[in-house]
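See below for the structure under consideration.
There are 2 protein chains.
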Amino acid sequence: MLNLVILGAGNVATHLARAFLNAENLKLLQVYNRHPEPLASFKEIAATTTDISALKKADIYIIAIKDDVIPDVADKIPWQDGIMAHTSGSISIDALKKFKNRGVFYPLQTFSKERKIDFMEIPLCIEGNSKRNFQLLSDLGRQISNKIYAIDSQQRKSLHLSAVFVNNFSNHLYTLAAGICEEQKLPFEILKPLIKETAAKIEELPPRQAQTGPALRHDQKTIAAHLKMLKLAEEKIYSLLTQSIQKIHGEKL
Amino acid sequence: MLNLVILGAGNVATHLARAFLNAENLKLLQVYNRHPEPLASFKEIAATTTDISALKKADIYIIAIKDDVIPDVADKIPWQDGIMAHTSGSISIDALKKFKNRGVFYPLQTFSKERKIDFMEIPLCIEGNSKRNFQLLSDLGRQISNKIYAIDSQQRKSLHLSAVFVNNFSNHLYTLAAGICEEQKLPFEILKPLIKETAAKIEELPPRQAQTGPALRHDQKTIAAHLKMLKLAEEKIYSLLTQSIQKIHGEKL
């Protein structure tokens, strides 16, 4: 049985707590958060505290807080027992170097409070400052996910950057498309099956092979017509992505 | 019972033919294609021909060929009976103006030969040059899809442009992310759950509300670190999309 404490009460903390609750060999002892309000939803499943000096003894502490407050909170944690692991994609394991046992427990997924998600399918990127700590964090991970990866801090930064492309930027393209639809009084609804199929295709085809469209075909007539329809900001994005597609996929055959 | 002829033998023609085959009140009489090879896979389900002057009499002719050959093929179709409808997102209904009865039958989806797809979920964008022709094409559409939309040529152009953003450009972002992963010897596999969840989220949240990430948070430290990791072409795309997110979502609160 592993005893756990979570620091933080945001989206990642919420989803992790739910996943821990469903695992058999884990006990979530306590959830810490600086502000009391977000702790309300945790009260039924664990002890809660807003006093960092009142942290309980546990095997593993999961620090699921915003990147920029990690050093600050790490500073205030009063003792050195147990493994301290943060959940950030872009912060090095070294941010926790004051702790003898440290690691990273980064779930590569986008979380919203409203949406339930099958944690078993979420890739967990694990790093530890020793074989033992890596092993313990992996054991913890395997209780809530089928997808455990050993990822060092350098690789994790690249993964986080990749995640910005496939999540933040793709979602922004959906927003721009929604804007174009709105102008023509078209329901955004109509694009949803295409959005879902575009993402689903990667299961069968590498994205490079799945590429289609006027840029790939060097269809200058359609590209010119599209550019004319766009406002300056969107026009620049269209041009740059078109160039990038043509650069990566090479010359027209 | 509606009698149909398909002109073309590519991805759209293939998926349409399969869908027509499963419908009760449709009969696919014939498939025409200029080259004989692609017709092979249609031989079991309909008559085929490479001779455009040998088109059979039908109620509706679906012209599912590449945009730039539509005018050419339209020119060669020898008679005026039946409704002529093309399946293109970017070509006006006027490309078929030599025909008394004309329309558009545009399935808004990305098709690959390898992937089966539930046609019932594909939005069909219908246009007709008369109420009767619109009605007949809609009746045809309803036999193979639950999602029938009345879309005029102007709106359809905007939809097609939106589709480039959510499909071609999103897929290209996946390709760029795959490249970043490859450089760090990370399996692209690890990004797949995130890609799928990003797309799935639009069912519950408008993309504007689903936006997250360093650009939205005006997290300059992470943005600067990301830009440093990228090559020039990707750096430009990162900057431009970051600016666009910040422009659309307004100032940091």
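Order-wise, the sequence lines are chains A and B. Quick note, the first sequence lines up with residues 0 to 252 if you use numbering that gives the first Met the number 0. Quick note, the second sequence lines up with residues 0 to 252 if you use numbering that gives the first Met the number 0. Cβ atoms here follow ideal geometry from the backbone N, Cα and C, with glycine treated the same way.
Chain-ordered chain A contacts of residue i [CB-CB under 8 Å]
i, result
"residue 154 (chain B)", "183, 184, 185"
Rounded straight-line distance, which links the Cα of residue j to that of residue i
i, j, result
"residue 80 (chain B)", "residue 12 (chain B)", "21 Å"
"residue 225 (chain B)", "residue 34 (chain A)", "31 Å"
"residue 239 (chain A)", "residue 110 (chain A)", "30 Å"
"residue 252 (chain B)", "residue 214 (chain B)", "Low per-residue confidence applies at residue 252 (chain B): pLDDT is 49, beneath 50, and the placement is therefore not dependable, though the value from the model is reported in the following sentence. Cα to Cα, residue 252 (chain B) sits roughly 13 Å from residue 214 (chain B)."
"residue 17 (chain B)", "residue 118 (chain B)", "9 Å"
"residue 204 (chain B)", "residue 134 (chain B)", "34 Å"
"residue 193 (chain A)", "residue 120 (chain B)", "10 Å"
"residue 242 (chain A)", "residue 8 (chain B)", "30 Å"
"residue 207 (chain B)", "residue 195 (chain B)", "17 Å"
"residue 130 (chain B)", "residue 45 (chain B)", "30 Å"
"residue 217 (chain B)", "residue 249 (chain B)", "10 Å"
"residue 223 (chain A)", "residue 212 (chain A)", "13 Å"
"residue 51 (chain B)", "residue 84 (chain B)", "16 Å"
"residue 97 (chain A)", "residue 78 (chain A)", "10 Å"
"residue 178 (chain B)", "residue 74 (chain A)", "37 Å"
"residue 132 (chain B)", "residue 247 (chain B)", "41 Å"
"residue 199 (chain B)", "residue 99 (chain B)", "43 Å"
"residue 161 (chain B)", "residue 154 (chain B)", "10 Å"
"residue 202 (chain B)", "residue 191 (chain A)", "8 Å"
"residue 41 (chain B)", "residue 27 (chain B)", "10 Å"
"residue 0 (chain A)", "residue 20 (chain A)", "13 Å"
"residue 101 (chain B)", "residue 220 (chain A)", "23 Å"
"residue 263 (chain B)", "residue 43 (chain B)", "One cannot answer for residue 263 (chain B) here, as it falls past the ends of chain B, which runs 0 to 252."
"residue 244 (chain B)", "residue 233 (chain A)", "11 Å"
"residue 235 (chain A)", "residue 89 (chain A)", "29 Å"
"residue 107 (chain A)", "residue 159 (chain A)", "8 Å"
"residue 139 (chain B)", "residue 210 (chain A)", "30 Å"
"residue 136 (chain A)", "residue 23 (chain A)", "16 Å"
"residue 53 (chain A)", "residue 15 (chain A)", "21 Å"
"residue 114 (chain B)", "residue 176 (chain A)", "25 Å"
"residue 197 (chain B)", "residue 116 (chain A)", "12 Å"
"residue 227 (chain B)", "residue 182 (chain B)", "15 Å"
"residue 65 (chain B)", "residue 55 (chain B)", "22 Å"
Neighbouring residues, chain B, relative to residue i (Cβ below 7 Å)
i, result
"residue 29 (chain A)", "None at all; the shortest Cβ gap to chain B is about 27 Å."
"residue 225 (chain A)", "160, 163"
CB-CB length for residue i against residue j, believed under 8 Å
i, j, result
"residue 94 (chain A)", "residue 76 (chain A)", "With a Cβ gap of about 12 Å, residue 94 (chain A) and residue 76 (chain A) do not count as contacting."
"residue 57 (chain B)", "residue 86 (chain B)", "About 16 Å separates the two Cβ atoms, so there is no contact after all."
"residue 60 (chain B)", "residue 82 (chain B)", "7 Å"
"residue 30 (chain B)", "residue 49 (chain B)", "Going by Cβ atoms, the distance from residue 30 (chain B) to residue 49 (chain B) rounds to 10 Å, so no, they are not a contact pair."
"residue 271 (chain A)", "residue 180 (chain B)", "In the structure as shown, chain A begins at 0 and stops at 252. Residue 271 (chain A) is therefore absent and cannot be evaluated."
"residue 3 (chain B)", "residue 25 (chain B)", "6 Å"
"residue 6 (chain A)", "residue 103 (chain A)", "Not quite, the Cβ-Cβ distance comes to about 14 Å (not below 8 Å), so this is no contact."
"residue 10 (chain A)", "residue 112 (chain A)", "6 Å"
"residue 231 (chain B)", "residue 237 (chain B)", "No, residue 231 (chain B) and residue 237 (chain B) are not in contact; Cβ-Cβ is about 11 Å, not under 8 Å."
Interface partners of residue i on chain A, CB under 7 Å
i, result
"residue 148 (chain B)", "189"
"residue 164 (chain B)", "172, 175, 176"
"residue 247 (chain B)", "174"
Contacts of residue i in chain B (Cβ-Cβ under 8 Å)
i, result
"residue 108 (chain A)", "192, 193, 196"
"residue 228 (chain A)", "156, 157, 160"
Cross-chain neighbours of residue i in chain B, by beta carbon under 9 Å
i, result
"residue 52 (chain A)", "The premise fails here: residue 52 (chain A) is roughly 29 Å from chain B at the closest Cβ pair, so nothing lies under 9 Å."
Of all the residues that make up the region 199 to 220 of chain A, which are near chain B by a beta-carbon distance shorter than 8 Å?
-> Within the region 199 to 220 of chain A, the residues whose Cβ lies closer than 8 Å to some Cβ of chain B are 199, 200, 201, 202, 203, 204, 205, 206, 207, 209, 210, 211, 212, 213, 214, 215, 218, 220, listed in chain order.
When you check each C-beta in the region 166 to 178 of chain A against every C-beta of chain C, which residues fall closer than 7 Å?
-> The displayed structure is made up of protein chains A and B, and chain C is not among them.
Residues of the region 39 to 50 of chain B with a CB closer than 8 Å to any CB of chain A: list them in chain order, please.
-> Residues passing the 8 Å Cβ filter: none.
Using a Cβ-Cβ cut-off of less than 8 Å, list which residues of the region 85 to 115 of chain B approach chain A; keep chain order.
-> So the close ones are 89, 107, 108, 109, 111, 113, 114.
For the region 175 to 186 of chain B and the region 133 to 143 of chain A, state whether three or more C-beta atom pairs, one from each stretch, are separated by less than 8 Å.
-> Verdict: no, contact absent.
Would the region 121 to 132 of chain A and the region 149 to 162 of chain A be scored as touching if the rule is three or more Cβ pairs under 8 Å?
-> Here the region 121 to 132 of chain A lies against the region 149 to 162 of chain A, with 3 or more beta-carbon pairs under 8 Å apart.
Is there contact between the region 168 to 183 of chain A and the region 157 to 168 of chain B, where contact requires at least three CB pairs shorter than 8 Å?
-> The region 168 to 183 of chain A vs the region 157 to 168 of chain B: in contact.
Determine which residues of the region 232 to 245 of chain A have a Cβ less than 9 Å from any Cβ of chain B, and write them out in chain order.
-> Those residues of the region 232 to 245 of chain A that come within reach of chain B (Cβ to Cβ, closer than 9 Å) are 232, 233, 235, 236, 237, 239, 240, 241, 242, 243, 244.
Using a beta-carbon distance cut-off of less than 7 Å, what residues from the region 117 to 141 of chain B approach chain A?
-> Cβ contacts with chain A come from 120, 121, 122.
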